[in-house]
Structure formats: C-alpha cells, structure tokens
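*Asks:* Please read through the structure below; I'll follow up with questions.
Number of protein chains: 2
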Amino acid sequence: MHTRFILIQTSHAGNVGGTARAMKVMGFDDLVLVAPRWANVLRREETIQRASGANDVLDKARIVDTLDEALDGMDHLCATAMTPRDFGPPTRHPREHFATLLGQGAPAPAGQPGDAPSSTAPQGVAFLFGSERFGMRNEDVYRCHTCLSIPTDPQFGSLNLAAAVQLIAYDWRQALGGYALPATTPQRAPADAKALAGMLRHLEQALVAVDFLDPEAPKKLMPRLNQLFNRAAPTEEEIHILRGVAKAMLQVAAQAKR
Amino acid sequence: MHTRFILIQTSHAGNVGGTARAMKVMGFDDLVLVAPRWANVLRREETIQRASGANDVLDKARIVDTLDEALDGMDHLCATAMTPRDFGPPTRHPREHFATLLGQGAPAPAGQPGDAPSSTAPQGVAFLFGSERFGMRNEDVYRCHTCLSIPTDPQFGSLNLAAAVQLIAYDWRQALGGYALPATTPQRAPADAKALAGMLRHLEQALVAVDFLDPEAPKKLMPRLNQLFNRAAPTEEEIHILRGVAKAMLQVAAQAKR
Numbered sequence: 001m002h003t004r005f006i007l008i009q010t011s012h013a014g015n016v017g018g019t020a021r022a023m024k025v026m027g028f029d030d031l032v033l034v035a036p037r038w039a040n041v042l043r044r045e046e047t048i049q050r051a052s053g054a055n056d057v058l059d060k061a062r063i064v065d066t067l068d069e070a071l072d073g074m075d076h077l078c079a080t081a082m083t084p085r086d087f088g089p090p091t092r093h094p095r096e097h098f099a100t101l102l103g104q105g106a107p108a109p110a111g112q113p114g115d116a117p118s119s120t121a122p123q124g125v126a127f128l129f130g131s132e133r134f135g136m137r138n139e140d141v142y143r144c145h146t147c148l149s150i151p152t153d154p155q156f157g158s159l160n161l162a163a164a165v166q167l168i169a170y171d172w173r174q175a176l177g178g179y180a181l182p183a184t185t186p187q188r189a190p191a192d193a194k195a196l197a198g199m200l201r202h203l204e205q206a207l208v209a210v211d212f213l214d215p216e217a218p219k220k221l222m223p224r225l226n227q228l229f230n231r232a233a234p235t236e237e238e239i240h241i242l243r244g245v246a247k248a249m250l251q252v253a254a255q256a257k258r
Numbered sequence: 001m002h003t004r005f006i007l008i009q010t011s012h013a014g015n016v017g018g019t020a021r022a023m024k025v026m027g028f029d030d031l032v033l034v035a036p037r038w039a040n041v042l043r044r045e046e047t048i049q050r051a052s053g054a055n056d057v058l059d060k061a062r063i064v065d066t067l068d069e070a071l072d073g074m075d076h077l078c079a080t081a082m083t084p085r086d087f088g089p090p091t092r093h094p095r096e097h098f099a100t101l102l103g104q105g106a107p108a109p110a111g112q113p114g115d116a117p118s119s120t121a122p123q124g125v126a127f128l129f130g131s132e133r134f135g136m137r138n139e140d141v142y143r144c145h146t147c148l149s150i151p152t153d154p155q156f157g158s159l160n161l162a163a164a165v166q167l168i169a170y171d172w173r174q175a176l177g178g179y180a181l182p183a184t185t186p187q188r189a190p191a192d193a194k195a196l197a198g199m200l201r202h203l204e205q206a207l208v209a210v211d212f213l214d215p216e217a218p219k220k221l222m223p224r225l226n227q228l229f230n231r232a233a234p235t236e237e238e239i240h241i242l243r244g245v246a247k248a249m250l251q252v253a254a255q256a257k258r
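Order-wise, the sequence lines are chains P and H.
Reading the first sequence from the start, the letters are residues 1 to 258 in full-length UniProt numbering.
Reading the second sequence from the start, the letters are residues 1 to 258 in full-length UniProt numbering.
Encoded structure:
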C-alpha cells in the first residue's frame with residue numbers, strides 16, 4: 001500500500017518543512033504540494049529549518065497546479081476538515097476509520113452498509129490538507145471517500161497544519177503495524193518472595209539495632225514495609241543494595257554501643 | 001485527575017507556543033517551564049504567534065528554576081526520551097502505558113509484577129520533555145515512573161518538541177475518553193433492495209433505449225451494475241436522481257427515434 005500526503009494551497013513555508021519532518025518520523029516520504037503560496041517553498045530557509053533533516057522528503061516532493069495532478073495511483077482519498085459540512089463524505093475519527101479501512105474494525109452498525117470494510121484494502125491512500133486559513137474547498141472534499149476529523153477540544157479545535165499531519169501520520173503508521181520499542185532497559189526480573197523475606201528479616205534486625213523498631217511493641221511496621229516492597233517488586237540487585245544498607249546500620253549501631 | 005506538561009530547558013520560543021497550542025486543542029492547560037533559555041519566553045513574539053490563540057495556556061504557565069518546583073501535586077511522572085538508556089524506569093509506548101495506567105490494559109505478562117496496573121489511578125500525571133538539543137538529563141529521567149517512547153521510524157526518530165507534545169496530548173486525551181465527532185453530515189440511510197431493484201429496471205429500459213444494452217445479448221451488464229450499486233448503497237434521494245437520469249435518457253431516445 002502506498003501513502004501520499006497532499007498539501008493544498010499551503011501558505012507557510014514552516015508548515016511544509018514541519019510536514020516533511022512529521023511524515024519522515026513516521027516512515028512516509030511521498031509529499032505533493034498543490035499550488036503552494038511560494039513557488040520555491042521547497043528551497044526556502046524556513047522550510048529547510050523546520051524539516052530538520054527530512055531533506056529527502058523535500059527533495060522528492062512534487063509541486064503541481066491542480067489536485068488532479070496529485071492523485072495518480074491513489075484510490076482512497078481522505079479529506080481532513082475542521083468545519084463539519086452538511087453534505088459530503090462521511091466524517092470519521094482517524095483511528096476508527098483506519099481500522100475499518102484495513103479490515104480490523106468491528107462490523108458496521110446495522111443500517112449503514114456503506115461503512116462496511118471494503119473487501120479489498122486500497123492500493124494508494126492519500127491524505128489531503130487544505131490551506132492554513134481556509135481549510136479545504138468543498139469541491140475538493142466532495143471528491144474524497146472519507147472526511148477525517150481529529151478529535152479536539154470542541155472549545156478550541158485550531159490544530160496547526162504540521163501538527164495535524166503529525167497526528168494523521170502517527171495514527172496511520174500505528175494502524176499499519178507501528179514500530180517496535182527501541183532496544184532499551186533490560187527487562188527487570190523481580191527477586192522471588194524468599195529473597196524478599198530474607199531481606200526484610202535483615203532489615204528488621206537493623207531497625208531494632210538503631211532503636212527505631214521496638215521488638216516488644218512492633219505494631220505493624222514490618223508488614224507495612226513488606227507491603228511497600230511487594231509493590232516495588234525489587235530485583236535481586238536491589239535486594240543486595242537493601243541488605244547492604246541493613247548491614248551498615250547494624251555495624252554503626254554496634255559501634256555506637258561499644 | 002490532573003495533567004501537567006513540563007518543558008525542561010527549552011531553547012526555542014516557537015516550541016513553547018506550539019506546545020501551548022498542542023495542549024489546548026486536546027483540552028489541557030497546565031504548562032510549567034523549568035529554566036527555559038529565554039526568561040521572557042511566554043511573551044516573545046514567536047511564542048505568541050505559534051500559540052495561535054492558546055493565550056490562556058501561556059497566561060497560566062509558570063516558569064520555575066528547578067524540576068522540584070514543577071512537581072507539586074503530581075504523583076505519576078512520565079519522562080519522554082528518544083535515546084534508550086541502559087538504566088532507568090521501564091520504557092513504554094504511550095498508548096499501551098496509558099491503558100495500563102488507567103486500568104484498561106491487559107494483565108501484566110508473567111514475571112513483571114511491577115508492570116501491573118496500579119490499584120488506584122494517579123491523581124496528577126506529569127509529562128516531562130527535555131531540551132531540543134539534548135533531551136532529558138539522566139537524573140531527571142531517573143525520577144520518573146515511566147519513560148515514554150513515541151514509536152517512530154528507527155531510521156529517523158527526530159520528532160519536533162511541539163509535535164511530541166501533540167502526540168502525547170492526543171494519546172492521553174484519547175485514553176481519558178476523547179472527544180465526540182462534531183455534529184456533521186447526517187447519517188445516510190441506504191434505500192432498501194426493492195427500491196434499488198426498481199431503479200435498476202428503470203435504468204435497464206433506458207440503456208436499451210439508447211442502444212447501449214442489447215436485450216438479445218445482455219451479457220452481464222445489469223448484474224455488474226447491480227453489484228456496483230450494492231457497494232455504493234445509494235440513499236432514497238440518490239435513487240431518485242438515478243431514476244431521473246433514466247427518465248431523461250428514455251425521453252431523448254424517444255425524440256431521436258420520432
């Protein structure tokens with residue numbers, strides 16, 4: 001499946017750069033600009049600055065005069081629009097729509113057969129973004145299969161253009177399978193309950209030695225600490241550290257009473 | 001539950017404005033800046049321009065000298081980090097972590113009791129973001145309960161700071177229940193199969209009349225059109241339009257043969 005981002009009549013060079021970067025971090029690289037305000041927008045300083053290394057996306061990007069020229073190979077068109085229209089393709093949240101489109105969604109609700117997952121996934125998916133000030137023109141929205149609405153605060157729906165591209169690119173990449181976590185902190189293996197109990201006995205001796213715990217009136221101190229350490233689920237290494245602390249407490253207490 | 005976004009040693013005023021806007025579209029308004037590069041960053045022109053109307057977030061924002069001063073009321077700290085560390089809190093994808101945190105997740109895998117959903121959801125959740133150039137300092141990451149890693153292309157993980165805030169704010173808002181679709185295109189009710197069959201008979205007559213369909217050798221034209229219109233699932237109104245087209249075809253054909 002091929003993915004394309006199409007910016008229509010974009011005004012701000014910074015948004016073109018931000019779009020290239022937003023696409024590239026999610027592994028997309030096909031950008032088409034329809035009638036941008038600046039003919040040289042792909043080479044403007046602000047564009048390159050905001051692209052922050054996504055230069056290959058800018059190098060590959062095409063500038064065309066009409067939306068028609070941007071649509072070759074695309075068979076599923078997603079409009080993005082802030083303002084609901086009283087006519088046009090069905091409005092959807094991106095996550096739900098992508099699940100349906102890829103056949104991962106729940107069955108369509110009764111009475112809406114048009115919403116059922118298509119039997120064949122699309123070959124080319126295009127995301128269309130209108131200008132910063134006016135959004136998409138009605139005639140461009142009407143050509144689309146779906147209108148994506150990013151769920152924002154009803155009181156303040158003013159998403160930045162590159163931020164909208166970032167969210168759509170993220171949700172689409174996730175729907176396509178996403179990326180794995182980077183190799184990172186090794187999985188911590190908690191010590192077993194026997195090791196924890198041994199540490200707690202060691203700590204109990206130390207707390208008695210430093211006169212914090214009165215063995216004649218222990219109250220619930222040790223059960224409380226047991227609960228605390230259960231939640232923390234210490235590793236073997238951390239058990240060693242805690243035993244070291246207990247040992248040091250016992251030593252200093254012995255010195256003090258010498 | 002309270003949510004706070006904390007930017008540590010942020011260099012670019014534009015990112016502070018972009019962060020305010022990214023927060024506000026997702027319904028969050030508590031922003032704290034720890035030791036930003038510009039003391040007057042909340043009033044700089046670039047900040048206000050990129051905030052694009054999220055002025056109340058900037059007005060409410062606090063500037064503090066140390067991370068400690070930013071943490072009042074917060075009991076669950078999420079670091080965000082690009083570079084994996086060999087020590088520190090567990091690294092998680094935001095969506096999975098948020099589901100676990102809110103008790104919506106699958107049970108923790110065996111052997112990782114520390115990952116189990118907490119029995120009580122946190123009262124205050126803080127998202128920490130480091131500087132544009134260096135990310136978060138180790139000592140700040142070590143204070144956190146989790147390290148969030150936004151899944152990006154392994155070949156290009158360079159997310160813009162405000163874009164990262166936008167993605168985290170979106171996933172967190174969605175985990176908290178999200179926002180409903182705006183009132184929009186009325187749900188389309190497809191016409192029933194009887195209405196569709198009536199229209200197809202009307203169309204068939206018209207196709208014969210204009211000499212496109214040969215009743216002696218119809219091949220599979222009508223079944224093909226039936227399949228096409230099944231997929232399109234036309235409404236009653238659209239059936240009327242199609243019948244109007246058939247009627248006009250019949251009229252013009254009658255005139256032609258007069």
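By construction, the Cβ of each residue, glycine as well, lies at the ideal position given by its N, Cα and C atoms.
Treat the numbers as computed from the prediction; the structure is a model and nothing was measured.
Closest to P:Leu-7 by CA distance: which of P:Leu-128, P:Thr-100, P:Ala-180 and P:Leu-42 is it?
*Replies:* Closest option to P:Leu-7, Cα to Cα, is P:Leu-128.
*Asks:* In the DSSP assignment, find the unbroken alpha helix (DSSP H) run with H:Ala-233 in it and report its ends.
*Replies:* H:Ala-233 -> no alpha helix (DSSP H), and no H or E assigned at all.
*Asks:* Say whether chain H places a C-beta atom closer than 8 Å to the C-beta of P:Asp-166.
*Replies:* It should be noted that the sequence gives Gln, not Asp, for residue 166 of chain P. Output row for P:Gln-166: interface = yes.
*Asks:* Could you compute how far the alpha carbon of P:Gly-124 sits from the alpha carbon of P:Asp-68?
*Replies:* Computed Cα separation, rounded: 15 Å.
*Asks:* Are H:Asp-171 and H:Arg-95 close, meaning C-beta to C-beta below 8 Å?
*Replies:* Yes, the pair counts as a contact, with Cβ atoms nearer than the cut-off.
*Asks:* Where H:Glu-46 and H:Gly-14 are concerned, what is the direct C-alpha to C-alpha distance, given to the nearest angstrom?
*Replies:* So the alpha carbons of these two residues sit roughly 5 Å apart.
*Asks:* Which residue marks the beginning of the alpha helix (DSSP H) containing H:Leu-101, and which one marks its end?
*Replies:* Run containing H:Leu-101: 94-101, per the alpha helix (DSSP H) assignment.
*Asks:* Between P:Leu-176, P:Glu-139, P:Pro-36 and P:Ala-191, which lies nearest to P:His-2 when the distance is taken from Cα to Cα?
*Replies:* P:His-2 has its Cα closest to that of P:Leu-176, out of P:Leu-176, P:Glu-139, P:Pro-36 and P:Ala-191.
*Asks:* According to DSSP, which residues form a beta bridge with P:Val-64?
*Replies:* Bridge partners of P:Val-64: P:Val-34.
*Asks:* Name the one or two DSSP bridge partners that P:Ser-131 has.
*Replies:* Bridge partners of P:Ser-131: P:Gly-135.
*Asks:* Can you give me the C-alpha to C-alpha distance between H:Leu-58 and P:Arg-231, rounded to a whole angstrom?
*Replies:* In a straight line, the C-alpha of H:Leu-58 is about 38 Å away from that of P:Arg-231.
*Asks:* Per DSSP, what kind of secondary structure is P:Leu-7 in: helix, strand or coil?
*Replies:* Correct three-state label for P:Leu-7: strand.
*Asks:* Report yes or no: is there a C-beta of chain P within less than 8 Å of the C-beta of H:Asp-30?
*Replies:* So, not an interface residue.
*Asks:* Thinking C-alpha only, which one of H:His-145, H:Ile-168, H:Gly-178 and H:Ala-35 is nearest P:Pro-154?
*Replies:* Among H:His-145, H:Ile-168, H:Gly-178 and H:Ala-35, the Cα nearest to that of P:Pro-154 belongs to H:Gly-178.
*Asks:* Out of curiosity, what's the CA-to-CA distance linking H:Gln-251 and P:Glu-139?
*Replies:* When rounded, the distance between both Cα atoms is 31 Å.
*Asks:* Closest Cβ-Cβ distance between H:Val-125 and chain P: below 8 Å?
*Replies:* It does not; no Cβ of chain P falls within 8 Å.
*Asks:* Would you list the one or two residues that DSSP bridges to H:Pro-190?
*Replies:* Answer by DSSP bridge pairing, in chain order: H:Thr-235.
*Asks:* For P:Lys-219 and H:Met-74, I'd like the C-alpha separation in whole angstroms.
*Replies:* Near 31 Å, if we compare the C-alpha coordinates of H:Met-74 and P:Lys-219.
*Asks:* Rounded to a whole number of angstroms, what is the C-alpha to C-alpha distance between H:Met-199 and P:Asp-86?
*Replies:* About 26 Å.
*Asks:* Indicate the three-state DSSP secondary structure (helix, strand or coil) for H:Thr-83 in the structure shown.
*Replies:* Coil.
*Asks:* For H:Ser-131, decide whether its Cβ has a neighbour in chain P, counting only Cβ atoms nearer than 8 Å.
*Replies:* For H:Ser-131, the answer is no, since every Cβ of chain P falls outside 8 Å of its Cβ.
*Asks:* Thinking just about the alpha-carbon of each residue, which of H:Pro-89, H:Leu-196, H:Gly-130 and H:Ala-39 is nearest to the one in H:Tyr-142?
*Replies:* Out of H:Pro-89, H:Leu-196, H:Gly-130 and H:Ala-39, H:Pro-89 has the C-alpha closest to the C-alpha of H:Tyr-142.
*Asks:* Would H:Arg-137 count as contacting chain P if we go by Cβ distances under 8 Å?
*Replies:* No, H:Arg-137 does not count as interfacial toward chain P.
*Asks:* Could you check which residue in P:Met-82, P:Asn-226 and P:Leu-242 has the C-alpha nearest to that of P:Pro-151?
*Replies:* Among P:Met-82, P:Asn-226 and P:Leu-242, the Cα nearest to that of P:Pro-151 is on P:Met-82.
*Asks:* Please decide whether P:Ala-22 counts as near chain H, where near means a Cβ-Cβ distance under 8 Å.
*Replies:* For P:Ala-22, the answer is yes, since a Cβ of chain H falls inside 8 Å of its Cβ.
*Asks:* Within 8 Å of any Cβ in chain H, is that where the Cβ of P:Met-26 sits?
*Replies:* Interface residue, yes.
*Asks:* Does any C-beta atom of chain P lie closer than 8 Å to the C-beta of H:His-93?
*Replies:* Yes, contact with chain P.
*Asks:* Name the residues in the segment 167-181 of chain P whose C-beta lies less than 8 Å from a C-beta of chain H; which are they?
*Replies:* Those would be Leu-167, Tyr-170, Arg-173, Gln-174, Gly-178, Tyr-179, Ala-180 and Leu-181, in chain order.
*Asks:* Does chain P have any CB closer than 8 Å to the CB of H:Pro-223?
*Replies:* False, the Cβ-Cβ gap to chain P never drops below 8 Å.
*Asks:* Give the straight-line distance between the Cα atoms of P:Val-32 and P:Arg-188, rounded to the nearest whole angstrom.
*Replies:* So the two alpha carbons sit approximately 46 Å from each other.
*Asks:* Tell me the DSSP secondary structure of P:Val-125 in three-state form.
*Replies:* Strand.
*Asks:* Among H:Arg-4, H:Ile-239 and H:Gln-9, which one has its Cα closest to the Cα of H:Phe-134?
*Replies:* Cα-wise, what sits closest to H:Phe-134 is H:Gln-9.
*Asks:* Taking Cβ positions only, does P:Pro-122 come closer than 8 Å to chain H?
*Replies:* It does not: the Cβ of P:Pro-122 has no partner Cβ on chain H nearer than 8 Å.
*Asks:* Taking only the alpha-carbon atoms, compute the straight-line gap between P:Ala-39 and P:Ile-48 and give it to the nearest angstrom.
*Replies:* Their Cα atoms are separated by approximately 15 Å.
*Asks:* For P:His-76, which residues does DSSP report across the bridge?
*Replies:* Answer is P:Val-125.
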